[in-house]
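Enquirer: Chains as they are written, first to last, in this note's numbering: chain A, 10 to 495; chain B, 10 to 495; chain C, 10 to 495; chain D, 10 to 495. We put the CB at the ideal spot given by N, CA and C, even for glycine. All values reported here derive from a predicted model rather than from experimental measurement.
Protein chains: 4
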Amino acid sequence: MNRIKRLIRNEKLFNTPYIPFTSDKFHDECGVFGIHGHAEAANLTYLGLHALQHRGQEGAGICSSDRRQMFIEKSMGLVIDIFSEKRLKRLPGDIAIGHNRYSTAGTSSLKNVQPIMVNYSLGSLAIAHNGNLVNAIELRTELESRGAIFQSTADSEVIIHLIASSREDTLHDRLIDAVSRISGAYSLLLMTENEMVAIRDPFGFRPLSIGMLDGAYVVASETCAFDLVGAKFVRDVEPGEMIIINDEGMQSVRAVPSPRHAFCVFECIYFARPDSNVFGNQNVDAMRKNFGRELAREYPVEADIVIPVPDSGVPAALGYAAESGIPFDCGLIRNHYVGRTFIEPRQSIRHFGVKIKLNPIRKLLEGKRVVVVDDSIVRGTTSKKIVKMIREGGGAKEVHLRISSPPTTGPCFYGINTPTRKELIASTHSVEEIRKYITADSLQYMTWEGIFKDIPDPEQYCSACFNDKYPVLCCQEKAEQFDLFT
Amino acid sequence: MNRIKRLIRNEKLFNTPYIPFTSDKFHDECGVFGIHGHAEAANLTYLGLHALQHRGQEGAGICSSDRRQMFIEKSMGLVIDIFSEKRLKRLPGDIAIGHNRYSTAGTSSLKNVQPIMVNYSLGSLAIAHNGNLVNAIELRTELESRGAIFQSTADSEVIIHLIASSREDTLHDRLIDAVSRISGAYSLLLMTENEMVAIRDPFGFRPLSIGMLDGAYVVASETCAFDLVGAKFVRDVEPGEMIIINDEGMQSVRAVPSPRHAFCVFECIYFARPDSNVFGNQNVDAMRKNFGRELAREYPVEADIVIPVPDSGVPAALGYAAESGIPFDCGLIRNHYVGRTFIEPRQSIRHFGVKIKLNPIRKLLEGKRVVVVDDSIVRGTTSKKIVKMIREGGGAKEVHLRISSPPTTGPCFYGINTPTRKELIASTHSVEEIRKYITADSLQYMTWEGIFKDIPDPEQYCSACFNDKYPVLCCQEKAEQFDLFT
Amino acid sequence: MNRIKRLIRNEKLFNTPYIPFTSDKFHDECGVFGIHGHAEAANLTYLGLHALQHRGQEGAGICSSDRRQMFIEKSMGLVIDIFSEKRLKRLPGDIAIGHNRYSTAGTSSLKNVQPIMVNYSLGSLAIAHNGNLVNAIELRTELESRGAIFQSTADSEVIIHLIASSREDTLHDRLIDAVSRISGAYSLLLMTENEMVAIRDPFGFRPLSIGMLDGAYVVASETCAFDLVGAKFVRDVEPGEMIIINDEGMQSVRAVPSPRHAFCVFECIYFARPDSNVFGNQNVDAMRKNFGRELAREYPVEADIVIPVPDSGVPAALGYAAESGIPFDCGLIRNHYVGRTFIEPRQSIRHFGVKIKLNPIRKLLEGKRVVVVDDSIVRGTTSKKIVKMIREGGGAKEVHLRISSPPTTGPCFYGINTPTRKELIASTHSVEEIRKYITADSLQYMTWEGIFKDIPDPEQYCSACFNDKYPVLCCQEKAEQFDLFT
Amino acid sequence: MNRIKRLIRNEKLFNTPYIPFTSDKFHDECGVFGIHGHAEAANLTYLGLHALQHRGQEGAGICSSDRRQMFIEKSMGLVIDIFSEKRLKRLPGDIAIGHNRYSTAGTSSLKNVQPIMVNYSLGSLAIAHNGNLVNAIELRTELESRGAIFQSTADSEVIIHLIASSREDTLHDRLIDAVSRISGAYSLLLMTENEMVAIRDPFGFRPLSIGMLDGAYVVASETCAFDLVGAKFVRDVEPGEMIIINDEGMQSVRAVPSPRHAFCVFECIYFARPDSNVFGNQNVDAMRKNFGRELAREYPVEADIVIPVPDSGVPAALGYAAESGIPFDCGLIRNHYVGRTFIEPRQSIRHFGVKIKLNPIRKLLEGKRVVVVDDSIVRGTTSKKIVKMIREGGGAKEVHLRISSPPTTGPCFYGINTPTRKELIASTHSVEEIRKYITADSLQYMTWEGIFKDIPDPEQYCSACFNDKYPVLCCQEKAEQFDLFT
């Protein structure tokens, strides 16, 4: 207990949800991709990771097997910068798994980039993990007390140690043994010299889908990766299901009981790509359009133009415009050359903030009543700058902000990078207070009911960030930590 | 004469217009930015270059002066990747000029990245050049025969040598002397320890504007750079005008007579950012919207949805949709993490081409009659892939391609990276032949008259790529070279 | 058993003695240096490692502690290339240990560079190891079967895992527990946030000495490191002794019983620096001079000049010359800019071999009868080239080779990089056969008795490489492996 | 005149002899090697440069030609570190020249590394220069006033510009034209696509020899490079001679009249390798032995042991010992892993100086009267530390320093890195004063007559550093600069 607090204070451990929150957006923390039985395994994984780049930009890695040996290449950076043709040639074989990791300040470093590959008593093993465990600290403490030596601060390494120290004979049994110990969110890919294994936590927090290409099985976080490599969607990995893919084909095993589902609704609102289908093959773009339409119905306004905050606000803005009959336009130009390393000039010209990324077209906005559609407000600082930019730089007469999701009041412990509760503006301020802070003429958030008008079975979703109903409770110590950190 | 041909064959010289044309878009080759008399000169130049990144992604550089000494930093890559805080600190002083260079294969290398900085008999001099000289080979041959030694293959170096070998006493007179010798396109920034000089060719091919920030003069290729640094637009540098900015303020000198103007119409159609105002403060986005509206009037079609080829096709598509009444939507999702180093996987899965960048939303397009709006067709290969993607991946019933510019039939010699005439599909094929090639249900190009319905004074523009009327003729040898290369 | 063989075949494990033997010299595999309680701890460790550079050139590392946290920096390369001033500043604190690692091909990589630093249940721990364990494979197999995950292929990591999984309460007890399990050679330095611990195996194979500087304790592989930092020699760490150095001072603990000593005689013959004193403060240069004198008495020859193979043959050659009365000279010039990365040109000019390093002075050797003194012959290939060089390049009339050690017939398992038995020319050839092979006019090796005329107590030394009397037996499996590898 | 001073003050120009003098040894500034007509041209040049590494360690480069094109690779660092196998493969063809550059602080940078390769009106040209021009500033100023643009601060670039701007038709005539303008020391190699040209200044300051290998001509600064590649010495390039080597063979042209020779005597004393033969095939080791013998005759002393300052003092020490009958030994052990980047620890443990490189063997020196032989004293600081080290660290009873050259009182302007006159201890102090400063029991320098007892024709040598008789006078301005700098 004392040790746990010390660990946390020393920032030695588990970077979620305690990682510094450096942007003003929630962010997914990972994407995974794997393929078994294809001569171009590593190349296709490279393409798949590229398609999933939006799920993590800090670093990426690919592990492959030529059936005798496993190979691994990983680095900080974007997929396209990391993998040269030469480097891809160092990944021979017909099995490969890959991982994108989200960019965070602080504890980010190469040793935390996945896949993690180790040698243990049964041979070689690689793992790629999307999600976040809520009992990782406790498990790590216990494992260390039994002699385990950890190399990274990633919670995913706990799973490896649980497998290595399991008394079961086979990897499959050891993996079931391991997941019986862990709580939280995990869409996992594992790989040995001959086999690929996919497993998804019983709540199904993060998406994970199975596809097929030239007779080879493919597994990916989102279906947009299938589109790029030319694979056909087969079905989702079910919550609690373990999928074993080897030369005998695909085998399904019930690994953990799944009393309820808790799909992340924010995947629908913001994280997933519009061209992906998630959680039972629902199209993300279509959902967002509907959110926009519903938002227009719930919160109409007299205005001359509807513009999105690009790029994520586009579908909802199109929906809002269509429903309201107010013309849609692109009033903010986005500079896509912005990376995460942008240097803010010092001294007098500081605080460029959002100007580095966005610039309004004055000719278009001048004198107009403008509806701006965005998907969410986190701390409010960015929204404030955007409203100001549209009014001052763009010359708008009125600025009406419409958010295509309910107010976000709670942090996520299941694989999303969020700030502490205290930093979430909606957890401590009323909508009117927020409106004043961001200086908009009007501000409205979508209702929770609006969201679920188009999505069947709201109880199948996790909406904890909107309503504090956390599907998996953290231990008491964890709760205290939150106090510690809020 | 023999030597010139040898030089060209050996690819030793002048990479424009003979550089390999590796993308399927025309591309601007440079952006320039400079500021005189501001404590944050290098930092602001860094921001300015970032705003102009779309004009060149191969490499960038900044040169600054602290009034005693000049400093220079340049590298291959994007502005945000090149300049760390540490590196910006190595650029002290209150004067700075910077340059973005377009990424081309082959002769691209660090030695061609600008600004070029040299020591010569009058002291230090730096130069940043947007444009292309048509008589550079002849001048280089002449200069070499008099003993000059060239370090790069950039045509801009010719200007430096003309200045260094001029018999005039002052830099200003030497610069006037130098530009009296050169033909072609040049929007130039020069810099010494104490002064910044801007000069624009008599035709005014490329844009170049003057702004003001905190009492300091700023010069940039496009006004979007002013928006980012917070500068106010003052006026354009006039064709043939030399602007001298020093501690006495700004001085205007008529450097070369300017019998006619020849503003590049493609800046309006594709190159410049929509939020910039060019050629007498005309808004680019507004022009493109008008092109789209005119296109809808010229070439209407029965359809269910209008989608742009992102991002450049967006304004024209919005115009087309508005005029036609067909709903606008974003049916192609663009992956913005694509850089120029993307490795195509080998063997069976080659030819990903445009899929790396774009993916259709099938849910949106399936069974629809789709109008796709793009700004131009170069070789047709990309358009063919996009049509196929919308039909097969997206499931569209019909695909109607509308191009918001006339057929491009001629290469550019004034600073745009274009393929040879033979490679321009519209120079050798009829519109119907192109339609068949790209497998569209219909294809229509904007007329030349349509373009100039909204732009006053068509004769002030260069439309050589549409109509072969080249404002500055190349010498006979050059003409032969074109045969050589076509 | 099966698994062990597999591990070895896959080259996954323990790079000694199975590392490719790429030079034609035996080589020490490590040097260690540590200091406790000095404000310049890391800087002095840097100097100490520099003085010990001859013991390992593959890579080096330093770990330091500022009493709250431990810091580590390590890289491939030479000490002077690895540590910049900036990097040394990242090693604050008053405790530091460092390690030099020998350059070997194949399994050499950064992850094997020491110190190894880990977090385990008792906190942070760093280790630096000179020597080689003979039961590392067995221990690793056992540890892995209990769930341990290894990160490197270094046998030293076994010690870490034994400490982490020990049931004892304190580090000291856990270390004693750990060394009770390991067999072989180890001169070890350990470090925690507050303490430095030194321990030497019961045989004392490798040297390890204690010094004192400004009231701080220093521990180093050789006393030449004390000379450079200005420390005074105190005494050797005794075989089987554990030395604990903390703020209370130095404490000695008997860690393992030491029934007999087995100091490595090759440290005296070749490895240690001439200016070091080893194994009870005996000067290395003086021992080697005596070897040379004894060699002259045992094997005199009529000759005109005595020359050493530089640099290691110099002391023995001086001794031989002094005793024989034949003039000493430096007839071979050594190029000291040779590193381990020298590229042999391909094709016709291959096989430069020793010429890259040595060149004879023809003016000096021409027509002479030359005695060449070297310290040992490993495979004979280098000796053959040197004899040829002296005869052909130098123009010598006769070449008489004298070796200041007995024929080396057995590989070393205690921390020396040696080839397999089969590759040792003296294990399979008579002296006369070797003489013929290397084309010398005469060849004589020092006798075993000659070596120990000047060194007291031969039974305190390990001479296994001369007489096959291995002080620590490897397990049966190991013996089989040797068959596997010879 | 004013401008010249400004140039010098700004440190913009010619780094010799004004480069910071960072070691306490004179140093040669370059080595050159070239070969024409051998399939392994670049590989052999690599080996040749390695053999000449002692002449310059700052950087190196190789230029090759495959008869159609010229290739160049150069970097900062040692030859063996710069050239990987991959990099050597980028240097195809059967002609190559290479250059080693001496390491100096300050103005050293990649742009000054040679060969310099340029394109000019006659095609491609590469140049490698050993030596120093005394009128480079004047020539540069003149060339710049006529429009020349310089890229480096190397005086060698002046030669290139003189060739480029010459009115002569052929390279040979232009080169003769160019050397008629320059004064000072130059042993030059030039190369075009098909030809190699060697030229040596009329005084012959620096050595330059011709060899032959497999029918190909080789040119190198020293013959030790011939030994390594297996070439046979043919003859020296004569002072004032131009050697043209092409497919027709070797042609000799008298390029400049050579009224007197001025071979650098310091090449014999210290710079050249002992295994080289210089200035008419005289062996360097033999000359140095004779210096040592003469020194013993001139300045005998009662002592127990003679030791060299390694490595350069070895031949003279052997000579001194042989003549005096006092035993020779190696009492100072040199650490050969010292590079030029050694970081001196800060604070309390500063001033390690020579200890980083040398350590005395106390057992050998304790209580003895020691003669130490070195080749020269520059500023005296190192000698002082060595005397102290031998007395304190080594425990010597008496320390007698013997220098195998006369007192160095003047700086060199012909290609040697020397400090200013004021810094040369012998220019301002008597021998007795120096003895006191370095705390030796006795100090003696070789006489000028002693040096030339064994070398025929002293008037053929430049001894300006001993006697101020400079063979080529610098212009008046230069003389003033010296005041400026002394």
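(1) Going along chain A, which residues have a C-beta under 7 Å from C:SER130?
(2) Please determine if the region 300-311 of chain C and the region 451-469 of chain C are in contact, where contact requires at least 3 C-beta pairs separated by less than 8 Å.
(3) List, in chain order, every chain A residue whose beta-carbon is nearer than 8 Å to that of C:HIS170.
(4) Can you tell me whether C:LEU100 is helix, strand or coil according to DSSP?
(5) Establish whether the CB of D:ASN139 and some CB of chain C are separated by less than 8 Å.
(6) Going along chain C, which residues have a C-beta under 9 Å from D:ASN109?
(7) Along the region 169-201 of chain A, where does the CB come closer than 7 Å to a CB of chain C? Name the residues.
(8) Where B:VAL396 and A:THR390 are concerned, what is the direct C-alpha to C-alpha distance, given to the nearest angstrom?
(9) Please return the same chain residues whose Cβ sits closer than 6 Å to the Cβ of C:ALA173, not counting the five positions on each side in sequence.
(10) Can you name, in chain order, every residue of its own chain whose Cβ lies under 8 Å from the Cβ of B:ASN344, other than the five neighbours on each side?
(11) Tell me which residue opens and which closes the alpha helix (DSSP H) that C:ILE464 is part of.
(12) Using DSSP's beta-bridge definition, name the partner residues of D:LYS372.
(13) In angstroms with no decimal places, state the Cα-to-Cα distance between C:ARG430 and C:SER436.
(14) What does the Cβ neighbour count give for A:LYS478, buried or exposed, with the cut at 16 atoms within 10 Å?
(15) For D:MET398, which residues in the same chain have their Cβ closer than 6 Å to its Cβ, ignoring the five residues on either side in sequence?
(16) Mind checking the region 246-271 of chain A against chain C and listing, in chain order, the residues whose C-beta falls within less than 9 Å of any C-beta there?
(17) When the distance is taken between beta carbons, is D:ILE386 closer than 8 Å to C:VAL347?
(18) Please classify D:LEU97 as buried or exposed, where buried requires at least 16 other C-beta atoms within 10 Å of its C-beta.
(19) For B:ALA127, decide whether its Cβ has a neighbour in chain D, counting only Cβ atoms nearer than 8 Å.
(20) For the putative contact between A:GLY68 and A:ILE81, defined by C-beta atoms under 8 Å, what is the C-beta separation to the nearest angstrom?
(21) Starting from the C-beta of C:VAL382, find all residues in its chain whose C-beta is less than 6 Å away, skip the five residues before and the five after it, and write them out in chain order.
(22) Taking its Cβ as the centre, do 16 or more other Cβ atoms sit within 10 Å of D:PRO480, making it buried, or is it exposed?
(23) Tell me whether the region 47-64 of chain A and the region 224-241 of chain A touch, counting them as touching only if at least three CB pairs, one residue from each stretch, are closer than 8 Å.
(24) Helix or strand or just coil, what does DSSP make of C:PHE475?
(25) If we call anything under 8 Å between Cβ atoms a contact, is A:GLY193 one with A:ASP245?
(26) Keeping to the same chain, check which residues put their C-beta closer than 7 Å to that of B:LEU53; ignore five residues upstream and five downstream.
(27) Would you tell me roughly how many angstroms separate the C-alpha atoms of D:SER261 and D:MET221, rounded to the nearest one?
(28) What residues from chain B crowd round A:ILE91, counting only those whose CB sits closer than 7 Å?
(29) The alpha helix (DSSP H) that contains A:ILE497, what's its start and end?
(30) Below 8 Å, how does it come out for the region 143-160 of chain D and the region 440-452 of chain D: are there three or more Cβ pairs, yes or no?
Expert: Taking the definition as stated:
(1) Those within 7 Å of C:SER130 in chain A are GLU153, SER154.
(2) Contact between the region 300-311 of chain C and the region 451-469 of chain C is present: three or more C-beta pairs spanning the two stretches fall below 8 Å.
(3) What C:HIS170 touches in chain A: GLY156, ILE158.
(4) In the structure shown, C:LEU100 falls within a coil segment according to DSSP collapsed to helix, strand and coil.
(5) Not closer than 8 Å to any Cβ of chain C, the Cβ of D:ASN139 fails to qualify, so no.
(6) Within chain C, no C-beta atom comes nearer than 9 Å to that of D:ASN109; the closest sits roughly 10 Å away.
(7) Under the 7 Å Cβ criterion, the region 169-201 of chain A contributes ILE169, HIS170, ALA173, SER174.
(8) One Cα belongs to B:VAL396, the other to A:THR390, and the distance between them is close to 41 Å.
(9) Correct list, in chain order: TYR129.
(10) Closer than 8 Å at Cβ, skipping near neighbours: ILE365, LYS366, LEU367, ASN368.
(11) First-last for C:ILE464: undefined, no H or E at that position.
(12) Under DSSP, no beta-bridge partner is assigned to D:LYS372.
(13) Roughly 7 Å separates the two Cα atoms.
(14) Per the 10 Å Cβ criterion, exposed.
(15) The beta carbon of D:MET398 sits closer than 6 Å to those of PRO369, all from its chain and outside the five residues before and after it, given in chain order.
(16) Cβ contacts with chain C come from no residue of the region 246-271 of chain A.
(17) Contact: no.
(18) Counting every other CB atom within 10 Å of its CB across the protein chains shown gives D:LEU97 a total of 16 or more, marking it as buried.
(19) According to the sequence provided, residue 127 of chain B is Val. The question's Ala does not apply to it. Using a Cβ-Cβ cut-off of 8 Å, B:VAL127 counts as an interface residue toward chain D, since at least one Cβ of chain D sits closer than that to its own.
(20) Not confirmed; about 13 Å, so no contact.
(21) Around C:VAL382: PRO317, GLY322, ALA325, ALA326, TYR329, ARG411.
(22) Counting Cβ neighbours within 10 Å, D:PRO480 comes out buried, since at least 16 surround it.
(23) Segments in contact, yes.
(24) In this structure, C:PHE475 counts as helix in the three-state DSSP scheme.
(25) No.
(26) Hits under 7 Å: ILE44, HIS47, VAL238.
(27) When rounded, the distance between both Cα atoms is 16 Å.
(28) Proximity of chain B to A:ILE91 at the Cβ level (cut-off 7 Å) is not reached, the minimal Cβ distance being about 10 Å.
(29) With chain A covering only 10 through 495, there is no way to say anything about residue 497 of chain A.
(30) Judged by Cβ distances under 8 Å, the region 143-160 of chain D makes no contact with the region 440-452 of chain D, as fewer than three pairs qualify.
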